[in-house]
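Those protein sequences? They're chains X and E, same order as listed.
Note that our numbering has the first sequence beginning at 1, numbered continuously upward.
Note that our numbering has the second sequence beginning at 1001, numbered continuously upward.
All C-beta atoms, glycine included, are put in the ideal place defined by N, C-alpha and C.
2 protein chains.
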Amino acid sequence: MSSPLITPPTIGVFDSGFGGLTVLRALVARLPRARFAFIGDTARLPYGSKSRRTIARYAVESAQFLVRKQGAEFLVIACNTASALALDAIQDAVPVPVLGVIEPGASAARAASRTGDVLVIATDATVRSHAYAAACQARGLRALEMACPLLVPLVEEGWTNHPVTAEVIRIYLEELNAEAAAQGLHPDTLVLGCTHYPLLRPLIESAVPAGMKVIDSAEAAAEAAIRLFNGRAAPAASRVVDRETEIRCFATDSVEKFERLGSRFLERPVGNVELVDLGG
Amino acid sequence: MSSPLITPPTIGVFDSGFGGLTVLRALVARLPRARFAFIGDTARLPYGSKSRRTIARYAVESAQFLVRKQGAEFLVIACNTASALALDAIQDAVPVPVLGVIEPGASAARAASRTGDVLVIATDATVRSHAYAAACQARGLRALEMACPLLVPLVEEGWTNHPVTAEVIRIYLEELNAEAAAQGLHPDTLVLGCTHYPLLRPLIESAVPAGMKVIDSAEAAAEAAIRLFNGRAAPAASRVVDRETEIRCFATDSVEKFERLGSRFLERPVGNVELVDLGG
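Set out below in structure tokens:
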């Protein structure tokens, strides 16, 4: 007896660039039969230097594109800046569940830490928002955040397994651990608070003090999304016939860089990235 | 007998960010009694990933601000991307002389090179425009360009005299010299085709092969501006009473980073950076 063919669920993933493809990769690994639509608002990055109002407007436009034009039934905001500054605005603007990356990262840190003290490395914009510190504090953790502005350029240069990158990571972590010690903290957990950093995970794990756990907020967000998603859509998803993962990628500009670098983040070909105009 | 007090000339300097402050610094050193108005269109950077039409519109808005609102009688486009893609549009849009950074850099390379073969290091966007290669070719030079995407982040991290930066420069130049050799070139001149790179000049000069000349396009642009400026305005400028340099800096967003890093580029305090809204 054949079961009826069910349209698989569509999950929308949004980032200001293409770093959020690490979140998409983590989602694909957990929901290989779903449909995914990813949009990178590359024409308007970086979000980090823009005002909250502007970021919210941009992020809402991308979210609406995913829901209205791509039929997304669930959204993951795979962008730390937009998660920090525009999650409420997106949730108000679309009629589907929306999940960011920061709360799941903080929850995973809470589950991992025994001392209650955690370190967070992220971009300058994310650190300035103190969104991870606030989310950690809400869970009873003390968090020390540090901006590591060289790590994104090093990943984008392709130096993910390069002695220079290892040295830069060593310098940053030495400074961060010294500051933690100066503040009397005893951190046992490090949160990777940037969607580019999972590509540096091997080098970072080699550089942290023995016993320190490394939390990847992309993985944590995917885990949280799956829990939320299965709670709502599991009956439909389970009836989906066996099929290949379907991924469509969109960008608002600079498709070339997205296509060139995106496969490294997604760990599979990104295929043709489609250019879309969101206006603005 | 006292000469009448003459309003000093106002020179407008434009960049998409604040790297162009190295051009302003070079101008101030040569015209210490002039007035300067600098605008960094920080809300809309980076220009490199945007279309020619968008870049031209943005650059024209900044140029008009300098001329109409700040009374600039002369403009220097201290931005490689805007110089490459929008110089004509700016010249059409404002009634004052306009000078970019690329042609002066190429002219200085022409004057310096004996072999006729030059190397150019710049950002990815500038290299993709091939503006330096074209300007060099127009002067009978063969130019090999290479993007060095890590150098701007290293400067902005403040690692201008850091072993990591020295190693990154060594790696880039080794690759560039190997490529030059493979192409049968005999370069004797290296053009710094990015307004951030003058801060790395000591490290770069230590890393180039013996005898290779280093051309700073910020210095070259300031030299060219002074020649052009003196040709037109010297009589007025010479009657200006002895006075302090007057510099006003404007930005369209993220004044904090501009103020924090700008002094390093200008080699003097940037003072209060005024926020302006150009619309768009």
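Bounding residues of the alpha helix (DSSP H) (the contiguous stretch that carries residue i)
i               : result
K257 (chain X)  : 255 to 266
T1022 (chain E) : 1021 to 1030
D124 (chain X)  : 124 to 129
V1155 (chain E) : 1151 to 1156
E1205 (chain E) : 1201 to 1207
D1188 (chain E) : Neither: D1188 (chain E) is in no alpha helix (DSSP H) and is coded neither H nor E.
L87 (chain X)   : 80 to 93
Per-residue contacts from residue i into chain E (C-beta, under 9 Å)
i              : result
D277 (chain X) : By Cβ distance, chain E contributes nothing, its closest Cβ being about 11 Å from D277 (chain X), past 9 Å.
Residue i classed as buried or exposed, judged by whether at least 16 other C-beta atoms fall within 10 angstroms
i               : result
S1051 (chain E) : exposed
H186 (chain X)  : exposed
N161 (chain X)  : exposed
E1256 (chain E) : exposed
N272 (chain X)  : exposed
R53 (chain X)   : exposed
E1179 (chain E) : exposed
S1252 (chain E) : Reading off the sequence, residue 1252 (chain E) comes out as Thr, not Ser. Buried, since its Cβ has 16 or more Cβ neighbours within 10 Å.
G211 (chain X)  : exposed
E246 (chain X)  : exposed
G184 (chain X)  : exposed
N277 (chain X)  : Sequence inspection shows Asp at residue 277 (chain X); the Asn mentioned does not correspond to that position. So D277 (chain X) counts as exposed.
G140 (chain X)  : exposed
E1175 (chain E) : exposed
S1217 (chain E) : buried
A182 (chain X)  : exposed
T1123 (chain E) : buried
D188 (chain X)  : buried
E205 (chain X)  : exposed
D41 (chain X)   : buried
Any C-beta of chain E under 8 Å from that of residue i
i              : result
V164 (chain X) : yes
S129 (chain X) : no
Residue i: first and last residue of the uninterrupted beta strand (DSSP E) it sits in
i               : result
A56 (chain X)   : Unbroken run through A56 (chain X) is the alpha helix (DSSP H), 52 to 64; no beta strand (DSSP E).
T1115 (chain E) : No beta strand (DSSP E) contains T1115 (chain E), which DSSP labels as neither H nor E.
R1142 (chain E) : 1142 to 1147
D1015 (chain E) : 1010 to 1015
D1216 (chain E) : 1213 to 1216
L45 (chain X)   : Run containing L45 (chain X): none; DSSP gives neither H nor E here.
C1249 (chain E) : 1246 to 1251
V76 (chain X)   : 74 to 77
L275 (chain X)  : 273 to 275
F1038 (chain E) : 1035 to 1040
Per-residue contacts from residue i into chain E (C-beta, under 7 Å)
i              : result
V168 (chain X) : V1164
E223 (chain X) : Chain E residues near E223 (chain X): none, gap ~31 Å exceeds 7 Å.
Residue-level contact to chain X via CB, residue i, 8 Å cutoff
i               : result
P1097 (chain E) : no
E989 (chain E)  : Outside the displayed range of chain E (1001 to 1280) lies residue 989 (chain E), so it cannot be described from this structure.
L1150 (chain E) : yes
E1157 (chain E) : yes
R1239 (chain E) : Note that R1239 (chain E) scores 46 on pLDDT, short of 50, meaning its location in the model is unreliable; the coordinates nonetheless yield the value given after this. Cβ-Cβ to chain X under 8 Å: no for R1239 (chain E).
S1206 (chain E) : no
Beta-carbon neighbours of residue i, restricted to chain X and to distances below 9 Å
i               : result
P1104 (chain E) : What P1104 (chain E) touches in chain X: nothing, since even the nearest Cβ is about 28 Å away.
L1154 (chain E) : L150, P153
> Going along the chain, which residues of the stretch 1246 to 1265 of chain E sit with their C-beta nearer than 8 Å to a C-beta in chain X?
Replying inline: D1253, S1254, K1257
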